[in-house]
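**Q** Everything in the sequence shown is counted per full-length UniProt numbering, starting at 1 for the first residue and increasing by one.
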Amino acid sequence: MNFKQLSVIALSLTLCGQGQAFAKKKKTIEPEGFKFTSVVDVPTTEVRNQESTGTCWAFATTSFIETELIRLGAGNIDLSEMFTVRHAYSQKALRYFRLHGKGNYSEGGQAHDVLNVVKEFGFLPETAYSGNQYQSDYHIHQEMVKSTKAMLDQIVTNPNKTITPVWEKSVNGVLDTYMGAAPEKFESNGQAISPVEYMKNTGFNPNEYIELTSYSHHPFYKKMNLEIPDNWSDDLYYNLPIDELMSVMDNALTNGYSVCWDGDVSEKGFSHRNGVAILPEANVKEMTNSEIEKWDAMSAKEKKASLYKFNKPGTEQKVDQALRQSTFNNYQTTDDHLMHLTGIVKDQNGTRYYKTKNSWAKNSNKMGGYLNMSESYVRLKTVAIMVHKDAIPAELKTKLGL
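This is the structure we're talking about:
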């Protein structure tokens, strides 16, 4: 959720910033002109709705954990995203204070933010903590975040010439007013249990998961600090060449593991409404002479409009490491949104796509809240992923020292 320009700031409110709070239900069908065949489909939970919050990171990673619980045999459990969010805001506020207001205090985050909370505090079902105390039918965090950030910005100026010991309590008091205090115990099967105990009972081990990325400004096969604003905690990612990062995703999905995905969705080729994300290019070699003449006569705007009709699959751009690095360096690829990869499909031309579970509600498009991102789009626009260690091919685990 990196707001690179004014237009993207506005767009972000419909990307990681907001889901669909109000929409009518529609029948789930494929986008017109695209015919998809399932190759791999990992069992997962229902599509949720982040509503008017920038908590895509919590929804995507919670969906990822819920899917792991299914794989582990713990069943289909609806976990509370806001339990994680509530703890993460406290951690984020403390770090912002430690950095004298020079860090990032916003609604955005990364997959590891969820795992970091889970390691310390565990998790619990949605029924045990809603995270909504502000008399609204849906989640909305803008007022809460702006209020607490304003407090923090005053506190770090040290107006009393010495920081009082109650500043943290005051900020957490505001967070609790909006979201409610995160419970230390809750009732499960008639017994009081802590979220950590509940997590352990499911068999989930948060230490079994790692994040990976692919950028050449750091050495490959080493850990790196990914320089994106929402990596506010400065967590480390394993760095792989893009071909190998793609092989991790493919190996994970074909072996029953899902993938938590972070990437750029501000591109013209990303259309949640149409249920696809594509990276098209004109295939002049296969055009007839009359088609070439027509193409050459088009303006740049007309050519772009022709490529992005979303009415049928076409030729996709080829993406290499250099192109990835270039778009990262010039801010054409930024950390916008986290989603959850749960399968692989092919279109009628044989082009591969990754079945992607979004958090903008089931009725947000004709695909039941899912979309299919083309392999080329994923190669270029992936910022980072999270997977189980065992989802990584053996030879890559050796290279990474896992």
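The beta carbon of each residue, even a glycine, is placed where N, CA and C say it ideally should be.
1) Scan the stretch 302-378 and note each continuous beta strand (DSSP E) run of 3 residues or more that stays entirely inside, going in chain order.
2) From the DSSP output, in three-state form, read off S147 for me.
3) In three-state DSSP terms, what is N201?
4) Residue ranges of each beta strand (DSSP E) run of no fewer than 3 residues wholly in the stretch 214-272, ordered along the chain?
5) Could you pull out every residue in the same chain whose Cβ sits closer than 7 Å to the Cβ of K4, ignoring the five residues on either side in sequence?
6) Count the C-beta pairs between the stretch 47-59 and the stretch 133-142 that are closer than 8 Å, then say yes if the count reaches three, no if not.
7) Going by C-alpha to C-alpha distance, which of M373, V42, Y89 sits closest to L152?
8) Please state if the CB of Y353 and the CB of M339 are separated by a distance shorter than 9 Å.
9) Just list the residues that DSSP pairs W186 with in beta bridges.
10) Under 6 Å Cβ to Cβ from Q110, same chain only, skipping five residues before and after it: list those, please.
11) Counting Cβ pairs closer than 8 Å, one from the stretch 82-98 and one from the stretch 116-125, do we hit at least three?
12) Going straight from the alpha carbon of residue 460 to that of V118, what length do you get?
13) Run the CB neighbour count on V284, radius 10 Å, all protein chains shown included, and call it buried at 16 or more, exposed below.
14) Looking only at its chain, what residues have a beta carbon closer than 6 Å to the beta carbon of A252, apart from the 5 residues adjacent to it on each side?
15) For a test of the three-state rule: what should DSSP assign to D137, helix, strand or coil?
16) When DSSP labels each residue in this structure, what does T37 get in the three-state scheme?
17) Between the beta-carbon of T44 and the beta-carbon of T342, is there less than 9 Å?
18) How many whole angstroms separate the CB atoms of K35 and D250, which I take to be in contact at a CB cut-off of 8 Å?
19) Could you give the first and the last residue of the continuous beta strand (DSSP E) run that contains V387?
20) Contact between the stretch 177-193 and the stretch 355-366 is defined here as three or more beta-carbon pairs at a separation below 8 Å; is this criterion met?
21) Using the Cβ count rule (16 or more neighbours within 10 Å means buried), how would you classify E211?
22) For F328, collect the residues of the same chain with a Cβ closer than 7 Å to its Cβ; drop the 5 residues on either side in sequence, then sort them by chain order.
23) Let me know the secondary structure DSSP gives A277 once reduced to three states.
24) Please return the same chain residues whose Cβ sits closer than 7 Å to the Cβ of L400, not counting the five positions on each side in sequence.
25) Hey, out of L279, S266, R324, whose CA is closest to Y308's CA?
26) Can you tell me which of the three DSSP states S63 falls into?
27) Using a Cβ-Cβ cut-off of 7 Å (strictly less than) and excluding sequence neighbours within five positions of A384, which residues of its own chain qualify?
28) Taking the continuous alpha helix (DSSP H) assigned at R95, which residues delimit it?
29) Suppose the cutoff is 7 Å on Cβ atoms and the five residues either side in sequence are ignored; what does the same chain contact list for E184 look like?
30) Would you report the Cα separation of K397 and V248, rounded to the nearest angstrom?
31) Whose C-beta lies closer than 6 Å to the C-beta of D235 among residues of the same chain, with five residues either side of it excluded?
**A** Let me spell this out:
1) 337-346, 352-357, 370-374
2) helix
3) helix
4) 223-225, 236-239, 259-263
5) Low confidence applies here, because K4 scores a pLDDT of 40, under 50, leaving its location unreliable; read the following figure in that light. Taken in chain order, the residues that qualify are Y331, T334.
6) yes
7) Y89
8) no
9) Looking at the sequence provided, one finds Phe at residue 186 rather than Trp. Bridge partners of F186: I193.
10) W57, D230, N231
11) yes
12) The structure shown does not extend to residue 460, since the chain spans only 1 to 402, so no value can be given for it.
13) Here V284 scores only 44 on pLDDT, less than 50, and its place in the model should not be relied on; the value that follows carries that caveat. Exposed is the call here.
14) V259, V387, A391
15) coil
16) strand
17) yes
18) That pair is no contact at about 22 Å.
19) 382-388
20) no
21) buried
22) Y215
23) strand
24) Y221, Y238
25) L279
26) helix
27) E211, L212, T213, L226, Y237, D262
28) 81-98
29) S194
30) 10 Å
31) H112
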